[in-house]
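Here's the structure we're looking at; comments come further down.
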Amino acid sequence: MTTARAGDLSAEAGARRALGSHSGRQLGTLAGLLTLCVILWAATPHFLTVSNLLNVLEQTALNAVVAVGMTFVIISGGIDLSVGSVLALAGICLALALEAGVPAPAAIGLALVVGTGCGLVNGVLITRGRLPPFIATLGMMSVARGVALMLAEGRPISGFSEAFRAIATERLLAIPGPVLITIVIYAVAHFVLTRTVFGRTTYAIGGNEEAARLSGVQVLFHKTAVYGVAGLTSAAAAVVLTARLNSAQPTAGTMYELDAIAATVIGGSSLLGGEGTVAGTLIGALIMGVLRNGLNLLNVSSFLQQVVIGVVIIGAVLVDMSLKRRRR
Amino acid sequence: MTTTHEAVPPVLQMRGMSKRYPGARALNAANLEVRRGEVHVLVGENGAGKSTLMKILSGAVRADAGEILLDGAPVELDSPLRARKLGISTIYQELTLVPHLSVAENIFLGKTPTRWPGIVDRRRMRQEARRILDTLGVAIECDAPVHSLRLAQQQMVEVARALSDKARILVMDEPTSALSQREVEQLFATIARVISNGVAVIYISHRMDEVFRIGHRVTVLRDGSHVVTCNIEEVTAAGLVRLMANREVSDQYPRRQHARGAELLRVDRLDGGGLKEIAFTLHRGEILGIAGLVGAGRTRLARAIVGADPSRSALRRASRDGARRIVVRGAVEAIHSPADAVRAGIGFLPEDRKQQGLVLPLSVERNISISHLSALAVLGVVNHPKEHGEAEAAIASLRIRTPGSDQLVLNLSGGNQQKVVLAKWLAAHADILIFDEPTRGIDVAARHDIYLLMNQLVENGAGLIMISSDLPEVLGMSDRILVMRGGRVIRELSSQEATDAAVLQAALGVPA
């Protein structure tokens, strides 16, 4: 078989796959997102303005970035409850370093290392300690939060250099920095999940860990690394958040884990593992962002907002499950 | 106990029982007649239909055809609950007790005596439990939590529970497999008490000494059909084995002549994890069959070779005495994990394909590449055209029937799923292939295809180990046969020496 022929075939297969499984599911979620936008456009004149849309994207960016790591973890068949606390801890470390006069790139590097480290600890507890992911990350959720509070002595740390804040304030081609960072992270994550050994292995472990292990896959190593990714994206979100607020708070990121899980699940990932895409997660995060924004614009009370968002999460998964059943 | 059983009416008649599973006929018009107060032994080799017949009797499986009469009246056994209510109790090899509840609570699980609606009458429950245990002649404390009991005592509790259901028929499936000799004696004493109360016991066992000690009559099943029922005094152990083994010879196995080549794999005094001093060699160009009863340690052997269950103690032992026990292609290999086995060119095709062989929600292509992703990648990025090309080539050469390489494997038939597992190992360049029950759950046509592929692999210089409970398959496909029993290799037979009787005798431990 020549390479050209193989290339043809793979393009063909790609097209078939698009119609068949994951991408087909994503089109459904995307249609949901667009429908939502159309409804809001009709309902309120303020929705479809450039400033509001950019506002939505900026609001969504944080959840979207955290949800990237969550998507890796959920595809591998796990769960990470510690992402919000790890975000806070990484943010505090970043702020303390900046305050101490460490140059911004080094401080950012430190935050990323701290976040990744927390994730790897989760991974080791799960793979070597054989703890259920729920328990290991529940513990880390409390530990990271506590350490963040201790380091910050319970107070926010504020006031950073222009250069650092430029991450959030600068625009490139009118696109705000946080949005740009999110786009880059999603592009990289998509590549890693679909094209690399690491990504493939993540799906295989989530789809059937035992079969993967018996096929010679280094399951423990990869699973540990997956939690490292979750820590890394949490830290990336911490950098964006700290730059945008010009302040790091030890209480930041509370409940972010639930938003990230919601975005991932709305985006079509299965909590049983083996299924999901970052593109889906991005759409899921946007649905949540647009919904919150729209409900605010419509002056819906924040109490009712929670009800609506809950209903959307449940509805999305119900629809997804019934579609899957039909496909099989 | 040589009372005239003829005078007693049969408590159970099963007539013309048939059951078909996809790809296999488990029962073909089988009959069974059991009388009150007898121990009726049911024998037959693996796959003869014993378990299916008993599952039908316990209501767990519905027969395709046939009628069941209890005390002469036809009954419909459509659920386990119905069977229990009709007085049919089954004690499985895996006990079904709740470990943290007391003996009395377990005996009355699901039918706890109450005073007021919803209030447990503990006193009555204990008294009743005591009474039943006394009739069995066992001294077990009623309030003891079940997990504190020895296995044999737990089995007594199961028997007591069956009696509390007013059982007419008690089915015991290999009840002694985990018992010590003394506990076996206790169990037999209990069984004697049970039948003296008029209960019929259907006793499934592979242990010939037990069969002759406690059985009154015996029924032999073979290929899902009834062979013979007779009084136990009328047969000998060797005679029973002949009756179990005498299968029809069929030509569904493509015979071929292989040229045996160089040594591929040598296992030397493999010990531990239930295996005892296993030693054998595998050469290029041969199929080495491994026969034995369920529980003989065949799958454990396969998993030990590929390092599927790495235990710390085994690793420590291996490094301490330095005697590495697996030699691949003349070189000593330390196989501590499946990854090591893959590197050494060993592929394992597990019996449970769906749980252990395949990642069901992934495509054919991705299931094939999983064994050698790193080899397909440059700097961690998978070369997708190459991956795809390999998958397409495997689909063509193994004749995998799928709409495309991107089809999810969960949508494939059993035979094609097995081929995907095989393709995974061939793509990783494995030439030592261990098939565990290669054709279980696969229909006849696809089976033939798998056999042809196995022969083709051998002709190309691979060495195959084939574990199978399907005796004709072992006899039809193997160049040599190892027979295992109790974690040991009991016999090695050349294809000339191997007959079904010879293999069964070794597997059952019956002198010829």
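These protein sequence lines map, in sequence, to chains C and D.
Per the working numbering, residue 1 is the first one in the first sequence, and the count goes up by one each step.
Per the working numbering, residue 1001 is the first one in the second sequence, and the count goes up by one each step.
No residue lacks a Cβ here, since even glycine has one placed at the ideal position from N, Cα and C.
Short of 8 Å from the beta carbon of His-190 of chain C, and not among the five residues preceding or following it, lie these beta carbons of its own chain, in chain order: Thr-277, Val-278, Ala-279.
Restricting attention to beta strand (DSSP E) runs no shorter than 3 residues, the stretch 1111-1175 of chain D encloses them at 1169-1173, ordered along the chain.
Counting C-beta pairs with one atom in each stretch, the stretch 1114-1122 of chain D and the stretch 1157-1171 of chain D have fewer than three that are closer than 8 Å, which means they do not touch.
Of the candidates D:Val-1201, D:Asp-1470, D:Pro-1403, the residue whose Cα lies closest to the Cα of Gly-1292 of chain D is D:Asp-1470. Less than 8 Å divides the Cβ of Leu-1362 of chain D from the Cβ of Val-1409 of chain D. Between the C-alpha atoms of Ala-166 of chain C and Met-140 of chain C there is a straight-line separation of about 31 Å. If the five residues before and after Leu-232 of chain C are omitted, its C-beta is found closer than 7 Å to the C-beta atoms of Gly-69, Leu-112, Gly-115, Thr-116, Gly-119, all from its own chain and listed in chain order. Residues of chain C whose Cβ lies closer than 8 Å to the Cβ of Ala-1339 of chain D are, in chain order, Gly-216, Val-217, Gln-218. Among the CB atoms of chain C, none fall inside 8 Å of the CB of Gly-1118 of chain D. In the displayed model, Phe-221 of chain C falls within a helix according to three-state DSSP.
Residues Glu-1158, Met-1172 of the same chain have their beta carbon placed closer than 6 Å to that of Ile-1091 of chain D, with the five preceding and five following residues left out of the count. Distance from the CA atom of Leu-1265 of chain D to the CA atom of Ile-1432 of chain D, rounded to whole angstroms, is 8 Å. For Lys-1424 of chain D, the nearest beta carbon of chain C is closer than 8 Å to its own beta carbon. Apart from sequence neighbours up to five positions away, the residues of its chain that approach Gly-1347 of chain D with a beta-carbon distance below 6 Å are Trp-1425, Ala-1430, Leu-1433, ordered along the chain. Out of C:Ser-269, C:Ala-238, C:Thr-35, C:His-46, the CA that lies nearest to the CA of Pro-178 of chain C is found in C:Ala-238. By the Cβ test, the stretch 1034-1042 of chain D is not in contact with the stretch 1080-1099 of chain D, since fewer than three Cβ pairs between them sit closer than 8 Å.
Below the 8 Å Cβ cutoff, chain C contributes Arg-200, Tyr-203, Ala-204 as neighbours of Arg-1366 of chain D, in chain order. With distances taken between CA atoms, Ala-235 of chain C lies nearest to C:Ala-144 out of C:Ala-144, C:Leu-323, C:Gly-101. In this structure, the straight-line span from the alpha carbon of Gln-1093 of chain D to that of Gln-1186 of chain D is close to 17 Å.
Boundaries for Val-1039 of chain D: no alpha helix (DSSP H) harbours it, while the beta strand (DSSP E) harbouring it runs 1039-1043, taken from the DSSP string. Taken atom to atom, the span from the alpha-carbon of Gln-26 of chain C to that of His-1448 of chain D is near 41 Å. Residue contact check for Ile-1434 of chain D against chain C: no CB pair falls below 8 Å.
Residues of the stretch 119-140 of chain C whose Cβ lies closer than 8 Å to any Cβ of chain D: none.
For Ala-211 of chain C, a Cβ of chain D is located within less than 8 Å of the residue's own Cβ. Collapsing the DSSP output to three states places Ile-1346 of chain D in a strand.
Close to chain D, meaning a Cβ-Cβ distance shorter than 7 Å, is no residue of the stretch 27-55 of chain C at all. Judged by DSSP secondary structure, Met-1484 of chain D falls within the beta strand (DSSP E) whose first and last residues are 1480-1485. With fewer than three CB-CB distances shorter than 8 Å, the stretch 122-131 of chain C does not count as touching the stretch 142-159 of chain C. Considering only D:Arg-1485, D:Leu-1504, D:Ala-1445, the residue with the shortest C-alpha distance to Val-1474 of chain D is D:Leu-1504. Within the stretch 1349-1376 of chain D, those residues whose Cβ lies closer than 7 Å to any Cβ of chain C are, in chain order, Pro-1350, Gln-1355, Gln-1356, Gly-1357, Leu-1358, Val-1359, Leu-1360, Pro-1361, Leu-1362, Arg-1366, Ile-1370, Ser-1371, Leu-1373, Ser-1374. For Val-192 of chain C, the uninterrupted alpha helix (DSSP H) run begins and ends at 177-195, by DSSP.
The beta carbon of Ala-1308 of chain D falls within 8 Å of a beta carbon belonging to chain C, placing the residue at that interface. Taking the Cα positions, Val-1267 of chain D is about 34 Å away from Ala-1445 of chain D. Contact annotation: Leu-33 of chain C and Val-290 of chain C have beta-carbon atoms nearer than 8 Å.
With its beta carbon less than 8 Å from one in chain C, Gly-1380 of chain D belongs to the interface.
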